[in-house]
Amino acid sequence: MKEETTRGSPEATASAVDNAFPDGEAVGPYAFVKQGCLVVRHRPEGPYPVVVPCPGVRLIVNGRECIQPTPVSMKDTVRVETVEERREGKWSVTVSSDGLQAILQMRPKVIVHRELPDLPPARILQLSVVEQEECLPPLTWDELLQELSRLGINYGIDWEACSRSVTSCAEEEVIVARGIPAEPGKDGRVELLFSSNPRVPVLAEEDETVDFRKRYVFTSVEAGEILAVKHPPESGHPGTSVKGEVIMPPSPRDFILSVGEGAVLTSDGERAVAARSGRPAASRWRNMVKVSVLPELVHAGDVDLASGNIVFKGDILIAGNVTERMAVEAGGNVRVGGLVSGARVQATGSILIRGNILSSVVIAGRVPAFLQRMLPQVHALAVGLQEMIMAIRQLLGHPAFKQGDLKGGIGPLVKLLLEGKFRHLPAAANTFKKQVETMPPGMAAEGLEEFIREVERALVRSPLAVRELQEIETLARRAGEWEQVFAFSPSAESDVVASSVHNSTVIATGDVRVVGSGCYISQIQAGKKVTVSGVFRGGEIQAGGDVHVGELGSKGGATTRVVTGPAAVVTVGYAFENALVLVGGRAYRFDKEEKDVRLWLDKEGNLRSYGIPA
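Shown next, in the form of structure tokens:
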């Protein structure tokens with residue numbers, strides 16, 4: 001709130017005696033201020049000086065307030081009044097939402113004092129004022145006490161802060177009372193006495209020779225070993241609010257320790273003990289931790305017609321080879337001491353193959369079957385749309401191409417390509433649509449149906465309606481994102497480690513690491529990283545994480561691709577011409593041989609590179 005009061009100066013009346021010029025004086029009219037009085041001088045016949053008012057001053061001439069520049073004569077009755085301004089203070093006390101603080105917010109009372117300074121003579125006199133602010137506390141001691149009482153604040157009052165506040169002239173917040181917070185207890189927990197990492201440990205560096213017998217050992221326990229210990233929760237201590245109310249701490253969370261096969265609980269339920277030798281495993285669901293000991297099946301020779309296929313719920317150790325047309329399926333991890341040739345090896349856990357993978361399928365981790373069936377279609381869309389984008393750009397940049405032919409958009413060009421080199425894309429879109437329609441209830445992710453509608457519109461129903469290349473680029477980017485979703489659905493991160501891969505398919509929900517000579521004409525899919533120490537010639541790598549390849553592609557130009565998500569970094573020691581890398585839907589095709597290449601997307605989604613000339 002703002003109030004104004006006026007303070008008048010001595011009345012200034014221009015008289016002929018006081019204000020008339022001496023005879024013969026030829027000085028023009030003027031006015032000045034001295035000791036708060038306005039003095040006017042001019043010849044009797046004029047002209048007159050002009051006085052200009054200003055904010056904070058009232059100019060009253062002959063009983064009328066003037067707010068515009070006003071001529072003043074020596075016969076006028078002139079009064080100048082300064083205006084004193086008052087701004088009311090404001091204060092309030094609030095209690096924080098947790099009840100632990102009482103906060104006083106203050107804005108002081110302000111009085112603006114104004115004085116009229118002396119001004120030198122001028123024909124047009126601009127009035128001015130000198131201001132001085134006086135700040136006063138907005139509240140009194142009694143007012144503060146009454147407010148604290150009204151709000152029920154009676155605990156932890158800081159009397160010193162209160163005393164300072166009632167004399168403070170600053171605009172501020174002051175904590176005038178503090179409660180005691182409740183001290184939370186400690187949640188219960190289950191301490192695992194074994195490593196719960198299901199991955200195959202790889203401790204060797206990139207250039208270090210790997211000793212499979214020593215480097216890759218699964219965790220194991222003997223019967224009688226303690227697997228886990230339950231630590232009970234500890235209660236906290238209550239606190240007190242500024243109103244004296246008790247603040248109860250949140251109840252600590254408790255955990256339940258349970259056991260599965262191969263483990264038993266002690267009588268007090270606080271320890272899990274191994275009942276047999278094997279590999280320990282732990283799973284958690286909400287506040288329950290379940291500990292088991294998985295058995296290990298040891299097969300001393302080859303997996304061949306003599307042994308038959310091996311299917312086992314726990315871990316499998318195979319000392320020899322897995323031969324043609326044989327299958328190995330494990331509910332845990334698989335270790336193969338030799339090679340895998342013309343066979344299928346599948347495990348819920350990780351897979352370690354000391355030798356090579358030849359013309360085989362190796363799958364580590366559990367991916368729903370219906371998602372595996374959909375992967376080829378969404379992959380065809382992701383890669384095909386990227387290749388279509390590159391083809392459109394090449395055609396648009398060709399000297400023989402006339403831009404005027406596409407005034408209505410690039411639709412005719414899209415339709416032409418779909419009828420030629422990319423005729424497989426409409427079929428992939430239709431198959432993908434049917435597969436999504438038959439997905440289990442509740443499995444279709446949000447936005448998937450909208451993506452299918454856009455793909456169907458651009459590739460099947462109305463390709464002529466496509467106007468800009470950006471529409472195809474958006475579809476390609478989204479197809480790549482959906483491919484990542486389907487290929488790497490949430491599951492345990494299981495790895496595959498092998499010496500080399502030839503004419504095979506390797507799928508892992510975790511990492512894939514090829515530590516020997518490399519991969520040839522193969523498909524690799526990994527939910528996390530892919531590392532190929534040697535060469536990757538012919539085929540494709542799909543990875544949810546980073547990719548490192550020693551040598552990518554071949555002089556013969558065999559089709560070689562690397563496809564990753566938008567957050568990945570692709571590192572290539574040596575790349576041959578025509579090798580293709582897609583990072584988050586952005587494509588780069590090598591047009592010549594390059595060394596030490598690194599590709600990634602920046603914050604704006606642009607493909608950046610190190611080692612590739614601009």
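Each residue of the sequence shown is one higher than the one before, starting from 1 at the first, in UniProt numbering. We put the beta carbon where it would ideally sit given N, CA and C, even for glycine. None of the values given here were measured: they were computed from a predicted structure.
Within the DSSP bridge table, the entry for I316 names L297 and V334 as partners. Remark: C-beta atoms of A567 and Q542 do not approach each other more closely than 9 angstroms. Contact check for L257 against V289 passes: the beta carbons are separated by less than 9 angstroms. The alpha-carbon of G188 is positioned some 26 angstroms away from that of R279. Sequence-distant partners of A327 (beyond 5 residues in either direction) whose C-beta falls short of 6 angstroms from its own C-beta, in its chain, are N309 and R344.
Beta-carbon to beta-carbon, V501 and I357 are separated by about 5 angstroms, close enough to satisfy the 8 angstroms threshold. Collapsing the DSSP output to three states places I389 in a helix. Look at E270 here: in three-state DSSP terms it is coil, with no helix or strand label. Your pair V583 and A479 does not check out as a contact, with CB atoms roughly 14 angstroms apart and the cut at 8 angstroms. Residue environment for Q386: buried (at least 16 other C-beta atoms within 10 angstroms of its C-beta). For S149, the enclosing alpha helix (DSSP H) covers residues W141 to R150. Where V581 is concerned, the enclosing beta strand (DSSP E) starts and stops at L580 to V583. Exclusion of the five residues before and after I111 leaves R86 and E134 as the residues of its chain whose Cβ lies within less than 6 angstroms of its Cβ.
Each residue's CA atom was taken as its position, placing V570 and L580 some 11 angstroms apart. Short of 6 angstroms from the beta carbon of H548, and not among the five residues preceding or following it, lie these beta carbons of its own chain, in chain order: T531 and T571. By the criterion of a C-beta distance shorter than 7 angstroms, E329 is surrounded in its chain by V311 and Q346, once the five residues flanking it on both sides are discounted. Boundaries of the beta strand (DSSP E) around K230: I226 to H231. Secondary structure note for I452: its alpha helix (DSSP H) is the uninterrupted segment L448 to E456. The DSSP-derived three-state label of E115 is strand. Residue C169 holds the alpha-carbon nearest to the alpha-carbon of L139 among C169, L125 and S128. The segment 31 to 46 and the segment 72 to 89 touch, with no fewer than 3 CB-CB distances between them shorter than 8 angstroms. In this chain, the alpha helix (DSSP H) harbouring P412 covers G411 to E419.
Here the segment 267 to 276 makes contact with the segment 219 to 239; the two share three or more CB pairs at distances below 8 angstroms. DSSP places C169 outside any alpha helix (DSSP H), giving it a letter other than H or E. When DSSP states are grouped into helix, strand and coil, R477 belongs to the helix group.
Ranking P233, P137 and R41 by CA distance to the CA of N287 puts P233 first. Annotation: the continuous alpha helix (DSSP H) that includes P426 extends over H424 to E437. In the structure shown, the three-state DSSP call for E483 is helix.
Separation of H231 and E191 (C-alpha to C-alpha, rounded to the nearest whole angstrom) is 7 angstroms. In this structure, the alpha-carbon of T560 lies about 29 angstroms from that of V334. Take L381, set aside five residues on each side of it, and the residues of its chain with a beta-carbon closer than 6 angstroms to its own are A428 and A479, in chain order. In the three-state DSSP reduction, I472 falls in the helix class (H, G or I).
By alpha-carbon distance to Q435, the top candidate from G550, V95 and E449 is E449.
Pairing R366 with T509 gives a Cβ-Cβ distance under 9 angstroms. Take G269, set aside five residues on each side of it, and the residues of its chain with a beta-carbon closer than 8 angstroms to its own are K230 and L257, in chain order.
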